[in-house]
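Those sequence lines, one after another, are chains E and R.
So the first sequence is numbered by the numbering used here: it starts at 616 and just counts up by one.
So the second sequence is numbered by the numbering used here: it starts at 2 and just counts up by one.
Quick notes on the structure that follows.
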Amino acid sequence: MSSALLIGSPNSGKSLLFNRLTGLHQKVANFPGITVEVGSGSMLGRPELTLVDFPGTYSLLPISGEERIASDGFHQALRDPELDAVLCIVDATRLEKSLHFALQVIRECQRAGKPVFLLANMADVLRRHGLAFDADGLAHRLGIPVIAVSARSGEGLEALRASLDAPSERGTPFVPRLKDLSDEQLSAEAAELAREFSGDTDVLIRSHARLDGFFLHSFFGGIAFFAIMYLLFQSIFTWAAPVMDAVEGGIGLAADAVVPLLPSQTLRDFTADALFGGIGAFLVFVPQIFVLTVVVGIMEDSGYMARAALICHRPLRFFGLSGKSFVPMLSGVACAIPGIYAARTVDSPRRRLLTYLAVPLMPCSARLPVYTVLIAAFIPAQTALGGLVGLQGLAMFLIYFFGMVVGLLVTALVSRTRVRADDDLPFVLEMPPYRLPSWRPLLRNAWNRSRHFVTKAGVVIFAVTVTVWVLGYFPNFGADLGASWLGALGRVIEPVFEPIGLDWRYGVAILSSFLAREVFVGTLGAIFGIEGAEEDFVPLVEKLQASGLSVASGFALLVFYAIALQCVSTLALLARETRSVRLPAQLFLAYGLLAYVLAFVTYRLVGALAG
Amino acid sequence: MTRRLWDLRAGERGRLAAFDEDLDPRYRTRLTELGFQPGAVVECMRRPAFGAPRVFRVRGAVFSLEDVLARRVLVEPEEAAAGA
C-alpha cells in the first residue's frame, strides 16, 4: 500500500483539498509517532494510494513540545519506504508567507530522496482578480513540479493526478537543488522567490481589511462580537435541544419496546435502566456536539474565529488564558464536552491546559435541573425592588456567574503558580481572508467528531453507568435504594457530608450523580419515593422542604454542584484528549475538594447569618 | 529613528530593523519564518481598542501579534511609503 502526504501551513486550504482528492471518504486515524489525529483516505481514481492529511503547521523548526512531535512525525514519515510522494500546498494569494515553509519541506524531501510536488492553491481567486501565477517559472527555479490548483473549484486536480502517475514526464528537469542549503540560505531564497513570483495581491488584502474595519472596530466590532456569540449560544438551545429531547424520547420508546419481551424482572430492570440508561447517558450529548461543531466550524472557515480570538485575548490573558480559549469556554456554558473538543484550537500547550481547567467550571446545562430544584426549595418566590427582580431568578444568575468566576480565578491562580512557562506560545495569529464556508466538509467534520465521541468516550460512560446501576440494584433487586450497596456506601460516607448538614440520602444522590449531575434529581426522587421527579419538580421540592434540610445546606449543595467535576463524560474525554488519566484524576480530586471546602464555608456562613 | 513595532499607528509602515535582545530566540525564529525578517516592510493595519493584539501586514500575509512580541521588534518608520 503506497501513500502520499499532504502538508501545508494553516489556512492554505489543505483540508478542503484533501476532501476533494479523497471525495470526503476520510477516516480519522492515528499517524505513527504523532499524538494528534490525522485524516487519511484513499485517493479518488487511485484507490491503491492512501492520502495522509498532515496537521497544518507553519514551520518544521519546532518551538513547542507539540510542534516537535509533529515535526518528528514528518521526518519519520519521510523515512517510510511506502511513502510515494509529498504534496506541499501553499496559498497562491499569499505566496510570500507560504514559501519559507514550503522550501523547508522541499529541502527535507530532497534530503530524504522523496518526490515532492508544490500545489499552488486558490488559482481561481487569483484569476478572478486578474492576477496570474507563473507555475512553470517557479517549477523551473525550484526544480520540482509546481501545479496551480483550486481546492474550491477542483481545477488542476487532473494535472495533479497525471503528475503523480509520471512525475518525470512533465518535461521540467527536476533537480534536488535545495538539498544543501542552510537555514539562512533557505530564508534568503524564500524572500527572493517571493519577490519574483507573487503577484500584486494588495487588492485582496485591502478588501479583507475593509471587513476588519467593521469586525475589529472599537464599537461596531464589539456589537458584532456579542451578536455572534448570542447566535452561537442560541444555536445550542434552539437547534440542539429538540434533537436531544428526541434522542431521549427515542431511547425511551426503544426501551419500552424491548423490555417487556425479556424473561426475568432483573433482566428487564437491567435493560431498562443500565443498558438503555447507559446508552442515553452519552447519546444525549451528540446533538450538542454536532451543532456546536458545525457552528464553530462556520466561525473558523469564515475567518471570524481569528477576529474573535483577537478581541478576547487581552482580558483572558490576565487569567492565564489565551484569546483562543474563548470559544471552548463559551461552549462549556452549554456543555463541557464540545468545549473540551474546541480547546484543540488553542495552540499553546500551556494555555490549552489552563483552558481544560476552566471549561468544567463553566455552568453547563446539566447543572440546570439541580439548580432548579434546590432554588425552588430554598429561595422564596418573592420579588424585590418593586417586582423588578425575582429572587429565584437572581439566585440562578448568581450561581451561574459564580461558576464562571471560580473558573477564571482557578486559571489565574494556577497560571501564576504551577504551570511551566516553557511550553507557552505567544499570541501570533494569522488573520485569514474572509471566506464563505463550504458545507460538506463542515457536516463531515461534525459527523466525525460525533462518531469519535460515541466510540471513544461513550464506552467509558457506558461502563460507569452500568457499575453504578449494579451498586444501586443489588443485593435486594432494586426494592429499596437505601438498602442497596450504594445506600450502604452512602451511610459509610455520611460522616463526610454531615459537616455540611447532609444525611446519607444526599450522600447517595451525590455519589450517583458522579455519572452526570442531573442524576441527582432522579436519585433523590427514588429515595423519597417519587416517580418521575425529573419531569415534575414540585413534589420533590415539597419533600425536600419537609425533610429537614436546612437553608444553609441548600446553599452549600448549590455551591458544591457549581464546582464539583461530576461528569464522567468530561473526565473520559479529558483522558482521551490528553492521552493520560492524570489530568482528569487530578481535576476530579481537586475540584471535589474545593467544592467540599467552599460548601462547608457556605454552610457555616449562611447558618450564622440565618441563625 | 527606531521605534517599536507596537508603536506604529494604523496605516504606518516600517522597515524591520532588529529584534530586542530579550526576545526568546524561539519566538524570533518563528517570527522570521512568518516573514518578520530584518529588512521586511511591515504595515500596521489595525490597532483594536483596549490593548488587544494589533494587526500587521508583512510579505503579503496578515498577522496579529500581542504586545509581548510587538514591543520587542524594532522598525525604522517609512514616511515616504505611508501614503502609497
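Note that the Cβ used here is the ideal one computed from N, Cα and C, for glycine as well.
Note that the coordinates shown come from a computational prediction; the quantities given were computed from them, not determined experimentally.
Does residue i get closer than 7 Å to chain R when you measure Cβ to Cβ?
i, result
"His928 (chain E)", "yes"
"Ala763 (chain E)", "no"
"His715 (chain E)", "yes"
"Ser833 (chain E)", "yes"
"Leu1023 (chain E)", "no"
"Ser963 (chain E)", "no"
"Arg709 (chain E)", "yes"
"Pro625 (chain E)", "no"
"Ile952 (chain E)", "no"
"Leu925 (chain E)", "yes"
"Glu1045 (chain E)", "yes"
"Ile678 (chain E)", "yes"
"Lys712 (chain E)", "yes"
"Ala824 (chain E)", "yes"
Hey, is residue i's beta-carbon within less than 7 Å of any beta-carbon in chain E?
i, result
"Gly15 (chain R)", "no"
"Ala85 (chain R)", "Here the model assigns Ala85 (chain R) a pLDDT of 39, short of 50, so the residue's position is not dependable, and the following value carries that caveat. Not closer than 7 Å to any Cβ of chain E, the Cβ of Ala85 (chain R) fails to qualify, so no."
"Phe20 (chain R)", "no"
"Phe64 (chain R)", "yes"
"Leu12 (chain R)", "Looking at the sequence provided, one finds Gly at residue 12 (chain R) rather than Leu. So no, Gly12 (chain R) is outside the interface."
"Leu24 (chain R)", "no"
"Phe51 (chain R)", "yes"
"Arg27 (chain R)", "yes"
"Thr30 (chain R)", "yes"
"Leu1 (chain R)", "Past the edges of chain R, shown from 2 to 85, lies residue 1 (chain R), and the structure says nothing about it."
"Val56 (chain R)", "yes"
"Ala82 (chain R)", "Bear in mind that the predicted position of Ala82 (chain R) carries a pLDDT of just 46, short of 50, making it unreliable; the figure below should be weighed with that in mind. Answer no: the Cβ-Cβ gap between Ala82 (chain R) and chain E never drops below 7 Å."
"Met2 (chain R)", "no"
"Glu34 (chain R)", "yes"
"Ala5 (chain R)", "Here residue 5 (chain R) is Arg; the residue named in the question, Ala, does not match the sequence. No, Arg5 (chain R) lies away from the interface with chain E (no Cβ there is under 7 Å from its Cβ)."
"Glu79 (chain R)", "no"
Going by DSSP in three states, residue i sits in which element: helix, strand or coil?
i, result
"Val764 (chain E)", "coil"
"Cys927 (chain E)", "helix"
"Ile684 (chain E)", "helix"
"Val1111 (chain E)", "helix"
"Glu79 (chain R)", "coil"
"Ile759 (chain E)", "coil"
"Gly648 (chain E)", "Residue placement at Gly648 (chain E) is flagged as unreliable, the pLDDT there being 33, under the threshold of 50; the coordinate-derived value follows with that caveat. Note: Gly648 (chain E) maps to coil in three-state DSSP."
"Glu711 (chain E)", "helix"
"Phe1228 (chain E)", "Any property of residue 1228 (chain E) remains undetermined from this structure, which presents chain E solely from 616 to 1226."
"Gly15 (chain R)", "strand"
"Val1196 (chain E)", "coil"
"Asn626 (chain E)", "coil"
"Tyr28 (chain R)", "helix"
"Pro788 (chain E)", "With a pLDDT of only 47 at Pro788 (chain E), under the threshold of 50, the placement of this residue in the model should not be trusted; the figure read from the coordinates follows. Coil, per DSSP."
"Asp1038 (chain E)", "coil"
"Gly1116 (chain E)", "coil"
"Met1019 (chain E)", "helix"
For the beta strand (DSSP E) that contains residue i, what are its first and last residues?
i, result
"Asp699 (chain E)", "Leu698 to Asp706"
"Pro984 (chain E)", "First-last for Pro984 (chain E): Arg982 to Phe993, but that is the alpha helix (DSSP H), not the beta strand (DSSP E)."
"Asp668 (chain E)", "Arg661 to Asp668"
"Val59 (chain R)", "Arg55 to Val59"
"Asn736 (chain E)", "Val731 to Asn736"
"Ser65 (chain R)", "Ala62 to Leu66"
"Val1043 (chain E)", "Val1043 to Glu1045"
Based on the DSSP secondary-structure assignment, which residues constitute the bridge partners of residue i?
i, result
"Ser674 (chain E)", "Answer is none; Ser674 (chain E) lacks a bridge partner."
"Gly656 (chain E)", "E:Leu666"
"Thr998 (chain E)", "E:Gly1005"
"Phe20 (chain R)", "R:Val74"
"Ala1131 (chain E)", "E:Cys1182"
"Arg5 (chain R)", "R:Leu75"
What are the boundary residues of the alpha helix (DSSP H) that includes residue i?
i, result
"Val873 (chain E)", "Ala856 to Val873"
"Thr617 (chain E)", "Residue identity check: residue 617 (chain E) is Ser in the sequence provided, not Thr. Premise fails: Ser617 (chain E) lies in the beta strand (DSSP E), Ser617 to Gly623, not in any alpha helix (DSSP H)."
"Glu44 (chain R)", "Not the alpha helix (DSSP H): Glu44 (chain R) falls in the beta strand (DSSP E), residues Val42 to Arg47."
"Pro1154 (chain E)", "Val1153 to Ala1161"
"Thr1070 (chain E)", "Segment: none, Thr1070 (chain E) is in no alpha helix (DSSP H) and carries neither H nor E."
"Asp780 (chain E)", "Leu772 to Asp780"
"Ala973 (chain E)", "Pro964 to Ala973"
"Gln880 (chain E)", "Gln880 to Asp884"
Unbroken stretches of the alpha helix (DSSP H), 4 residues or longer, contained in the region 886-960 of chain E: Here the runs fully enclosed are 891-898, 901-917, 919-933, 941-949 and 951-957.
Alpha helix (DSSP H) runs contained entirely in the region 811-854 of chain E, provided each spans 4 or more residues: Within the region 811-854 of chain E, the complete alpha helix (DSSP H) segments at least 4 residues long are 817-830 and 835-850, listed from N- to C-terminus.
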